[in-house]
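J.: Below you will find the structure I want to go over with you.
2 protein chains.
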Amino acid sequence: MAVGDNRFPDMPSIEGVRLGTAMAGIKKPGRRDLALIEIAEGASVAGTFTRNAFCAAPVHVAKAHLAEAVASSQGVRYLVINTGNANAGTGDIGMRDARETCSALARLGGVADCSVLPFSTGVIGESLPMDRLLAGLPAALEALADDSDAWKLAAEGILTTDTRIKGASRRIELSSGVVTLNGITKGSGMIRPNMATMLGFVATDAGIEQAVLEELLRAGVKRSFNSITVDSDTSTNDACMLIATGKAARVESEEDLKRFRAALDEVLIELAQAIIRDGEGATKFVTLQVDGATNEDEAREVAFTVAHSPLVKTALYASDANWGRILAAVGRASVEDFDVDKVVIDLGGVRLVQNGGRAASYTEEAGSAVMAREEIEIRIDLGRGDAAATVWTSDLSHDYVSINADYRS
Amino acid sequence: MAVGDNRFPDMPSIEGVRLGTAMAGIKKPGRRDLALIEIAEGASVAGTFTRNAFCAAPVHVAKAHLAEAVASSQGVRYLVINTGNANAGTGDIGMRDARETCSALARLGGVADCSVLPFSTGVIGESLPMDRLLAGLPAALEALADDSDAWKLAAEGILTTDTRIKGASRRIELSSGVVTLNGITKGSGMIRPNMATMLGFVATDAGIEQAVLEELLRAGVKRSFNSITVDSDTSTNDACMLIATGKAARVESEEDLKRFRAALDEVLIELAQAIIRDGEGATKFVTLQVDGATNEDEAREVAFTVAHSPLVKTALYASDANWGRILAAVGRASVEDFDVDKVVIDLGGVRLVQNGGRAASYTEEAGSAVMAREEIEIRIDLGRGDAAATVWTSDLSHDYVSINADYRS
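Protein sequence lines, in the order shown, are assigned to chains A and B.
In case it helps, the numbering used here puts the first sequence at residues 1 to 409.
In case it helps, the numbering used here puts the second sequence at residues 1001 to 1409.
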């Protein structure tokens, strides 16, 4: 299941970025499961990675290589991504496999090992089939191209339980010329990114300094990938990469930076929302808007508590305006000195809760009409300050249970 | 669905406690939905209540009446419990209804209003049908008795989505004579008690000072009702009451206290585990034992993170030894400076994880054999200290979704 239309946008070329894919047979034959992103010399690259303590071998290696590539000015030249196997919980063998993947590609591409960053997604706890993975690299290199189809095939080549390919693109004018931003992502289950996403790759031909690029990614990810949840489970392999080739215009002025940030945030949010629309078993796309908090952390805590409540999620699945479950979830959030009489809860414009209980104006008919929609907004005003947060989530359906009870079989 | 045998124990009489029930037609006719517990003069009574900020009107009133009854030495004389309606999220009307329930029973029983504590459980957000509830009180008073059947009917009269009645009983010898402890409880969904339970009522004929009774309940609840979770949702109506009538032997010595505490903890844990065995849609009873933590809070954080993971819960439902999901959940718990290489995870005696990945000795056959069981222990050693915690939980099944997607319809 999935929510809303399935539209993959036209992706203009980004000079300095080419993408290639192959069917390496990593988990099963005939599936596009290996993707390369080639980056021209001189580009800036920033990344954010999962905070899961059991982070996967490729995450360890990607972080170390990225740091070395930036420090040594050798730069990042290749991202290599496989699906079908997460190379997580694989101990020393997993680390060796991730490093070997990088050095094999580095040899083929004539770059330093640290210029290659590895990414893996799929089942946790099984070792990578290195023979098949390495054998697939030449075909993926051969296929490198920069047209819209190449982006689309790469978006397909990183999927796991996703039912849709996910991309976003923007064009903006900077003071010295037009620049483009393209992004692709994957993710459907084990989605509650913590300082990163499942896998997200965004590239631009704008020129941006390393430090600025890192700040742009950190801030943008917080309000996009780090503001979504399908099932509260943070993956071992989350990573989001931002590439700036500098082949078109440079970000030079404050105004340029402002425009670029706005476009980047749009791309990141569109990609993050695409993950929720394609959340495992999703039949609803739900926006949780929390206002009136004393600070942003508090607003996020309330939003995520409601978003993670299995009772709220099953009520959403049933299109049941069971607002008591929303109220109970708000009430159990970790908020100090919570005055529930000041809390106001609206469901798609219909007032549900006021003065500690059901709003006098509320009718079951009005609530049910909103709940029947595919896209639903729950707005919670805590009435205690000016801070706000937005979180996106999906519902909990029979399909979610089926998908995850059957995933390995 | 439910896990294990369904056995309601024989409940000996507790002198000074009588129980009566009635069919008041609160939500639907022909259902035992009103229960009274009458307590003799001179008993000590302690209570713990939900930490949900949106706590229900009866919780507010029960807390206030309990404080007043203890302070004024009038004592608690009646507990009045209805099912079918939680009287939560009902604003001022809900407070008035809860108080009126108490004063009506106080008049009938010839006691002070503050000597009556009200408890409600059921759907959130609808007002109590006061006419039917008040009309049911005389029949419930008429039915007061102290035999095993009276305990059994009371256990039935407090259920909501539960499929089983739940009770536990112990007899122990103190220095001055034999005392009995009986307890009943209800709960199946919206179960992640916070400093309390759904509803639990435990009575003893032992004599125990008020302050000691309160400490016994607080400590006992932490390791029983506050160590279980079905779905992470803390109810608005949780309450656990402990009654000591003093009609048999008194707790006099340190040795008496130790024996009484052990028996009380056994009763509380048996009742809490009964809630998990009857968890909504439960097909598995799962014990999460976390050892080697630097402190108990850390151990509980890891245990609850695993217990709340929808991916772990669906794997348990599928009897799938998908240990990578357990590892990922452990890794995302809020633990500072977590060295995953020191973590050891065992599944029913089979080593799953060691040195940051799958244990060398692990075989899929051994893991699957454990997962096929109805009762499963997951033992996680963090390898960083001496603190431990135990948490009990159930799995996430299609029935859980069905029960909660259909609850109001």
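Glycine included, every Cβ here is placed at the ideal spot set by N, Cα and C.
Keep in mind it's a predicted model, so treat the numbers as computed, not measured.
Assign B/D1149 to buried or exposed, taking buried as 16 or more other Cβ atoms, counted over all protein chains shown, within 10 Å of its Cβ.
T.: As a position in the second sequence, residue 1149 of chain B is number 149, starting the count at 1. The residue is exposed, with fewer than 16 neighbouring Cβ atoms inside 10 Å.
J.: Less than 8 Å separating the beta-carbons of B/A1046 and B/L1288?
T.: If you number the second sequence from 1, residue 1046 of chain B lands on position 46. If you number the second sequence from 1, residue 1288 of chain B lands on position 288. Taking 8 Å as the cut-off, the Cβ atoms of B/A1046 and B/L1288 do not count as close.
J.: Can B/G1356 and A/G122 be called in contact, C-beta distance under 8 Å?
T.: Counting from one through the second sequence, the residue named residue 1356 of chain B turns up at place 356. Counting from one through the first sequence, the residue named residue 122 of chain A turns up at place 122. No, they are not a contact pair.
J.: Could you tell me if the beta carbon of A/C55 falls within a distance shorter than 7 Å of some heavy atom in the ligand GTP?
T.: For the structure depicted, the ligand GTP is absent and the ligand set is empty, with no information on it obtainable.
J.: Counting beta carbon pairs with one atom in the region 1379-1392 of chain B and one in the region 1328-1346 of chain B, are three or more of them shorter than 8 Å?
T.: Segments in contact, yes.
J.: On the three-state DSSP scale, how would you describe B/S1409?
T.: Translated into the one-based positions of the second sequence, residue 1409 of chain B becomes position 409. Because B/S1409 carries a pLDDT of 41, less than 50, the predicted location of this residue cannot be relied on, and the following value inherits that uncertainty. Reduced to three states, the DSSP call for B/S1409 is coil.
J.: Between the alpha carbons of A/I275 and A/L128, how many angstroms are there, rounded?
T.: Translated into the one-based positions of the first sequence, residue 275 of chain A becomes position 275. Translated into the one-based positions of the first sequence, residue 128 of chain A becomes position 128. Looking at the backbone, the Cα of A/I275 and that of A/L128 are separated by about 25 Å.
J.: Inspect the beta-carbon positions of A/I81 and A/F119 and report whether they are closer than 8 Å.
T.: Within the first sequence, numbered from 1, the residue matching residue 81 of chain A stands at position 81. Within the first sequence, numbered from 1, the residue matching residue 119 of chain A stands at position 119. It is a contact, given that the beta carbons lie within the stated cut-off.
J.: Per the DSSP calculation, B/M1241 is bridged to which residue(s)?
T.: Here residue 1241 of chain B is taken as the residue at index 241 of the second sequence, counted from 1. Secondary-structure assignment with DSSP links B/M1241 through a beta bridge to B/G1047 and B/F1201.
J.: Going by C-alpha distance, which of B/S1224, B/R1018, B/K1313 and B/K1152 is nearest B/P1009?
T.: Taking the second sequence and counting its residues from 1, one reaches residue 1009 of chain B at position 9. Answer by Cα proximity: B/K1152.
J.: One question on the structure: do B/I1376 and B/K1313 come within less than 8 Å of each other, judged by their Cβ atoms?
T.: As a first step, residue 1376 of chain B is located in the second sequence; it is residue number 376 there, counting from the start. As a first step, residue 1313 of chain B is located in the second sequence; it is residue number 313 there, counting from the start. No, the pair does not count as a contact, with Cβ atoms beyond the cut-off.
J.: Restricting to Cα atoms, I'd like to know which of A/H65, A/N87 and A/P12 is closest to B/G1324.
T.: The sequence position of residue 1324 of chain B within the second sequence is 324, counting from 1. Comparing Cα-Cα distances from B/G1324 to each of A/H65, A/N87 and A/P12, the minimum goes to A/N87.
J.: Can you name the residues of chain B whose CB is closer than 8 Å to the CB of A/R96?
T.: Translated into positions along the first sequence, residue 96 of chain A becomes position 96. What A/R96 touches in chain B: nothing, since even the nearest Cβ is about 12 Å away.
J.: Just checking my contact of B/G1279 with B/I1403 at CB under 8 Å: how many whole Å lie between their CB atoms?
T.: Taking the second sequence and counting its residues from 1, one reaches residue 1279 of chain B at position 279. Taking the second sequence and counting its residues from 1, one reaches residue 1403 of chain B at position 403. A Cβ-Cβ separation of about 10 Å leaves B/G1279 out of contact with B/I1403 under the 8 Å criterion.
J.: Unbroken alpha helix (DSSP H) runs of length 4 or more, entirely within the region 135-205 of chain A: which are they?
T.: 148-156
J.: Would A/S227 and A/V391 be called neighbours here (beta carbons separated by less than 8 Å)?
T.: Here the question's residue 227 of chain A lines up with position 227 in the first sequence. Here the question's residue 391 of chain A lines up with position 391 in the first sequence. Taking 8 Å as the Cβ cut-off, A/S227 and A/V391 qualify as a contacting pair.
J.: What residue ranges within the region 1263-1342 of chain B form continuous alpha helix (DSSP H) runs of no fewer than 4 residues, ordered along the chain?
T.: 1296-1308, 1310-1317 and 1323-1332
J.: Can you give me the Cβ contacts of B/E1136 inside the same chain, cut-off strictly under 6 Å, excluding the 5 residues immediately before and after it?
T.: Position 136 of the second sequence, counted from the first residue, corresponds to residue 1136 of chain B. The question names Glu, yet the displayed sequence has Gly at residue 1136 of chain B. Hits under 6 Å: A1022, A1024 and L1034.
J.: For A/L396 and chain B, any beta-carbon pair shorter than 8 Å?
T.: Walking along the first sequence from the start, residue 396 of chain A turns up at place 396. So yes, A/L396 belongs to the interface.
J.: Counting only runs that start and end within the region 1007-1058 of chain B, where is the beta strand (DSSP E) found for 3 or more residues in a row?
T.: 1017-1022, 1034-1039 and 1044-1049
J.: Tell me B/Q1354's beta-bridge partners as DSSP assigns them.
T.: Within the second sequence, numbered from 1, the residue matching residue 1354 of chain B stands at position 354. Looking at the DSSP output, B/Q1354 bridges to B/G1357.
J.: Would you list, in chain order, the members of the region 170-190 of chain A that have their beta-carbon closer than 9 Å to a beta-carbon of chain B?
T.: Correct list: G189 and M190.
J.: Which stretch, first to last residue, makes up the alpha helix (DSSP H) that contains B/V1212?
T.: Residue numbering aside, residue 1212 of chain B sits at position 212 when the second sequence is read from its first letter. Annotation for B/V1212: the continuous alpha helix (DSSP H) segment containing it runs Q1210 to K1222.
J.: In three-state DSSP terms, what is A/R384?
T.: Position 384 of the first sequence, counted from the first residue, corresponds to residue 384 of chain A. For A/R384, the three-state secondary structure derived from DSSP is coil.
J.: Out of A/P12, A/M95 and A/L213, which one is the CA nearest neighbour of A/L410?
T.: What is shown of chain A runs 1 to 409, which leaves residue 410 of chain A out entirely.
J.: With a cut-off of 8 Å, do at least 3 Cβ pairs link the region 321-338 of chain A to the region 1010-1017 of chain B?
T.: no
J.: Give me the chain A residues within the contact set of B/F1054, using Cβ-Cβ distance strictly less than 7 Å, ordered along the chain.
T.: By 1-based counting over the second sequence, the position of residue 1054 of chain B is 54. Under the 7 Å cutoff, chain A gives L327, A328, V330, G331 and V340.
J.: Going by beta carbon distance, what residues of the same chain come within less than 7 Å of B/L1181, once the five residues before and after it are set aside?
T.: What you label residue 1181 of chain B is simply residue 181 of the second sequence in a count that begins at 1. Closer than 7 Å at Cβ, skipping near neighbours: S1169, R1170, V1202, T1204, A1263, L1264 and V1267.
J.: Is the CB-CB distance between B/R1250 and B/A1206 below 8 Å?
T.: Position 250 of the second sequence, counted from the first residue, corresponds to residue 1250 of chain B. Position 206 of the second sequence, counted from the first residue, corresponds to residue 1206 of chain B. Yes, the Cβ-Cβ distance between B/R1250 and B/A1206 is below 8 Å.
J.: Would a check of beta-carbon distances place B/G1292 closer than 8 Å to chain A?
T.: Here the question's residue 1292 of chain B lines up with position 292 in the second sequence. Cβ-Cβ to chain A under 8 Å: no for B/G1292.
J.: Leaving out five residues before and five after A/Q354 in sequence, what residues of the same chain have Cβ atoms less than 7 Å from its Cβ?
T.: Numbered from its first residue, the first sequence carries residue 354 of chain A at position 354. Once the five neighbours on either side are set aside, the close Cβ partners of A/Q354 are V344.
J.: Chain A partners of B/N1355, CB-CB under 7 Å?
T.: Your numbering for residue 1355 of chain B matches position 355 in the second sequence. Here the neighbours are G91.
J.: Could you pull the DSSP bridge partners for B/I1081 from this structure?
T.: Within the second sequence, the letter at position 81 stands for residue 1081 of chain B. According to DSSP, which records beta bridges pairwise, B/I1081 is partnered with B/A1035 and B/F1119.
J.: Among A/G109, A/M130 and A/E126, which one has its Cα closest to the Cα of A/T101?
T.: By 1-based counting over the first sequence, the position of residue 101 of chain A is 101. Answer by Cα proximity: A/M130.
J.: Answer yes or no: do B/A1248 and B/G1177 have a C-beta to C-beta separation smaller than 8 Å?
T.: Your numbering for residue 1248 of chain B matches position 248 in the second sequence. Your numbering for residue 1177 of chain B matches position 177 in the second sequence. Yes.
J.: What residues match up with A/I376 in a beta bridge as DSSP calls it?
T.: As a first step, residue 376 of chain A is located in the first sequence; it is residue number 376 there, counting from the start. In DSSP, A/I376 forms a bridge with A/V286.
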